[in-house]
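Working notes, structure below.
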Amino acid sequence: MRVFLNVEELKRVLKLIDKTVGTVEKTNRIVGFKYENGFLNLYGSDGCLSLKAKVSEMSPTTLSFSVPLDILKFFVFELSGNISIYSDGNYVVLKAKDENLKLKTERFSFKNFEERYEELINIPINVFVNDLDFVSSHLEEGSYVDFYFGSKVRMVAENGRIINYVVRDKKSKEYSWRIPYYSARHLIKALSEIKSGELSVGEGLNKLVLSSDYLFNVCGEELDHLDLVPLENEIEKSEEFLRVSLKSIRRFLRRAMISGRYSRLKIFGNEKGLYFYAFSENMEYRGHIDISSKYIFQTTTNAYFLRSALNRIGSETLLFFKGEKYLIISTMQKRRFILLPLL
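For the sequence shown, this note's numbering assigns the number 12 to the initial residue and increments by one for each residue that follows.
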């Protein structure tokens with residue numbers, strides 16, 4: 012295998028792979044090299060989210076291999092111009108103007124990557140990224156993001172008794188897919204590097220497939236669309252009763268974290284205003300906004316998670332809705348929702 016690459020293009024793809032694979036699991040920090048259909052393609056994966064990036068035309072070869080991402084990134088960091096890559100299958104040599112790097116190759120492990128898919132929606136990358144960033148903003152390891160396609164596109168994620176929900180008017184065939192939190196966050200970081208353009212989202216054979224200038228696969232499992240019915244009924248039947256500026260409550264949410272990331276926050280509302288209580292075994296914090304609430308309500312939540320969600324909700328004016336089981340916070344556009352259980 013022999014190929015010449017533009018260093019800036021290689022840096023761009025390596026940065027994209029870096030965002031895709033993440034930093035937690037070191038064994039995932041490798042780059043796959045493989046010839047396909049006239050081009051050299053580079054691969055990266057976090058174990059669920061996988062990326063395929065076309066980088067250069069090249070002559071056919073049967074060789075495919077992997078090399079450590081961090082060594083490759085370090086070597087090309089200060090380079091410019093072009094770089095040649097040669098491999099005999101056992102070693103790969105990267106040659107710049109006056110520097111060489113020789114690496115022992117590892118087994119190519121990026122199998123079962125799916126390129127064919129049935130398109131579900133086409134959406135601007137920045138819209139998809141911002142929605143996914145909001146809906147996953149309060150999640151932790153072990154959590155999931157659910158996608159529902161059909162009469163509309165919905166994203167849903169629940170953690171710490173907080174549900175974040177996004178809805179967009181995009182029609183497609185009915186299909187649903189659940190992906191792990193860590194891959195959702197890696198996907199946000201990777202797509203943020205692309206920044207502009209359209210994203211095609213589709214149903215693969217065993218993966219959710221996303222295509223822009225690059226191709227992504229995301230593992231997961233199918234869901235039942237009926238799981239979404241109670242949540243949407245709750246939102247549809249709820250009644251707006253209060254409008255509050257995000258600025259007016261942001262300070263209290265920040266201050267409510269006085270005892271740390273996992274501070275519990277109680278929000279209470281009545282005709283005299285909104286009250287914020289943060290408490291632990293040895294501490295109690297109180298805040299108050301002088302704004303009258305039509306309904307008496309109270310909910311308890313995690314201050315950090317709620318603050319993270321509100322910081323990404325995308326509106327300076329918050330609408331409060333009272334449902335049967337939840338206090339619902341939304342925006343003027345009513346596309347993004349936060350649901351907190353009523354006590």
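Even glycine gets a Cβ: it sits at the ideal position worked out from N, Cα and C.
Practice problem: State the DSSP-derived secondary structure class of Asp-144, mapped to helix, strand or coil. | Solution: For this step, residue 144 is matched to residue 133 along the sequence shown. Asp-144: helix per DSSP, three-state reduction.
Self-check item: Ser-91 versus Asn-17: straight-line alpha-carbon distance, rounded
Solution: What you label residue 91 is simply residue 80 of the sequence shown in a count that begins at 1. What you label residue 17 is simply residue 6 of the sequence shown in a count that begins at 1. Spanning the two alpha carbons is a distance of roughly 8 Å.
Exercise. Determine the DSSP secondary structure at Tyr-288, reduced to helix, strand or coil.
Key: Counting from 1 along the sequence shown, the entry for residue 288 is found at position 277. Of the three classes helix, strand and coil, the one that applies to Tyr-288 here is strand, per DSSP.
Exercise. Look up Leu-198 in the DSSP assignment and say whether it is helix, strand or coil.
Key: For this step, residue 198 is matched to residue 187 along the sequence shown. Three-state result, Leu-198: helix.
Quiz item: According to the neighbour-count rule (16 or more other Cβ atoms, all chains shown, within 10 Å of its Cβ), is Thr-328 buried or exposed?
Solution: In the sequence shown, the residue the question calls residue 328 occupies position 317. Exposed is the call here.
Quiz item: Which term fits Phe-15, buried or exposed, when burial requires 16 or more other beta carbons within 10 angstroms of its beta carbon?
Solution: The count along the sequence shown starts at 1 and reaches residue 15 at position 4. Residue burial is scored here from C-beta neighbours: Phe-15 has fewer than 16 other C-beta atoms within 10 angstroms and is therefore classed as exposed.
Self-check item: Length of the line joining the Cα atoms of Thr-34 and Arg-196
Solution: Here residue 34 refers to the residue found at position 23 of the sequence shown. Here residue 196 refers to the residue found at position 185 of the sequence shown. A direct Cα-Cα distance of roughly 12 Å separates Thr-34 from Arg-196.
Quiz item: Can you tell me the Cα-Cα spacing of Arg-275 and Ser-303, whole angstroms?
Solution: The residue given as residue 275 occupies position 264 in the sequence shown. The residue given as residue 303 occupies position 292 in the sequence shown. Approximately 24 Å between the Cα atoms of the pair.
Quiz prompt | Limits of the unbroken alpha helix (DSSP H) element including Asn-322 | solution = Indexing the sequence shown from 1 puts residue 322 at position 311. First-last of the alpha helix (DSSP H) with Asn-322: 314 to 322.
Quiz prompt | Burial state of Arg-254, where buried means 16 or more other Cβ atoms lie within 10 Å | solution = For the purposes of this step, residue 254 is taken as residue 243 along the sequence shown, with counting starting at 1. By the neighbour-count rule (16 or more Cβ atoms within 10 Å), Arg-254 is not buried but exposed.
Self-check item: Rounded separation between Ser-120 and Tyr-176 - CA only
Solution: Residue 120 sits at position 109 when you count from the first residue of the sequence shown. Residue 176 sits at position 165 when you count from the first residue of the sequence shown. In a straight line, the C-alpha of Ser-120 is about 35 Å away from that of Tyr-176.
Quiz item: Alpha carbon to alpha carbon, how far is Leu-338 from Ile-28?
Solution: The residue you call residue 338 lines up with position 327 of the sequence shown. The residue you call residue 28 lines up with position 17 of the sequence shown. Straight-line Cα distance between these residues: approximately 40 Å.
Quiz prompt | Cutoff 6 Å; reference Tyr-286; Cβ partners in own chain excluding five residues on either side | solution = The residue given as residue 286 occupies position 275 in the sequence shown. Contacts found: Phe-279 and His-299.
Quiz item: What do you reckon, are the CB atoms on Leu-202 and Val-212 nearer than 8 Å?
Solution: The count along the sequence shown starts at 1 and reaches residue 202 at position 191. The count along the sequence shown starts at 1 and reaches residue 212 at position 201. No, these two residues do not count as a Cβ contact at 8 Å.
Quiz prompt | Same chain, Cβ closer than 8 Å to Met-343, five either side skipped, listed in chain order | solution = What you label residue 343 is simply residue 332 of the sequence shown in a count that begins at 1. Cβ within range, chain order: Ser-326, Thr-328 and Leu-330.
Quiz item: What is the rounded straight-line gap between the Cα of Val-32 and the Cα of Ala-289?
Solution: If you number the sequence shown from 1, residue 32 lands on position 21. If you number the sequence shown from 1, residue 289 lands on position 278. The alpha-carbon atoms of Val-32 and Ala-289 are separated by roughly 37 Å.
Quiz item: Counting along the chain, where does the beta strand (DSSP E) carrying Arg-347 start and finish?
Solution: Within the sequence shown, numbered from 1, the residue matching residue 347 stands at position 336. Residues 347 to 352.
Exercise. Just list the beta strand (DSSP E) runs in the region 252 to 296, keeping only unbroken ones of 3 residues or longer that don't cross its boundaries, in chain order.
Key: 275 to 281 and 284 to 291
Exercise. Ignore the nearest five residues each way along the sequence and tell me which others in Val-140's own chain have a CB closer than 7 Å to its CB.
Key: Reading the sequence shown from its first residue, position 129 is the one you call residue 140. Result list for Val-140: Ile-199, Leu-202 and Ser-203, in chain order.
Quiz prompt | Environment of Asn-228 [buried if 16+ CB atoms lie within 10 Å] | solution = As a working mapping, residue 228 is identified with position 217 in the sequence shown. Label assigned to Asn-228: buried.
Self-check item: Residues sharing a beta bridge with Leu-114, DSSP
Solution: In the sequence shown, residue 114 corresponds to position 103, counting from 1. The partner list for Leu-114 (beta bridge, DSSP) reads Val-103.
Exercise. Classify Phe-308 as helix, strand or coil using the three-state DSSP reduction.
Key: Walking along the sequence shown from the start, residue 308 turns up at place 297. Strand, per DSSP.
Quiz item: So what does DSSP say about Phe-139, is it helix, strand or coil?
Solution: Looking up residue 139 in the sequence shown gives position 128. DSSP places Phe-139 in helix when its eight states are reduced to three.
Quiz prompt | C-beta atoms of Lys-63 and Leu-226 nearer than 8 Å | solution = The residue labelled residue 63 in the question sits at position 52 within the sequence shown. The residue labelled residue 226 in the question sits at position 215 within the sequence shown. In contact: Lys-63 and Leu-226 (Cβ atoms closer than 8 Å).
Practice problem: Give me the Cα-Cα distance between Leu-210 and Lys-305, rounded to the nearest whole angstrom. | Solution: On the sequence shown, residue 210 is found 199 positions in, with the first residue counted as 1. On the sequence shown, residue 305 is found 294 positions in, with the first residue counted as 1. Computed Cα separation, rounded: 43 Å.
Quiz item: What residue range is occupied by the uninterrupted beta strand (DSSP E) comprising Asn-244?
Solution: Here residue 244 refers to the residue found at position 233 when the sequence shown is read from its first residue. Per DSSP, Asn-244 belongs to no beta strand (DSSP E); it is in the alpha helix (DSSP H), 240 to 248.
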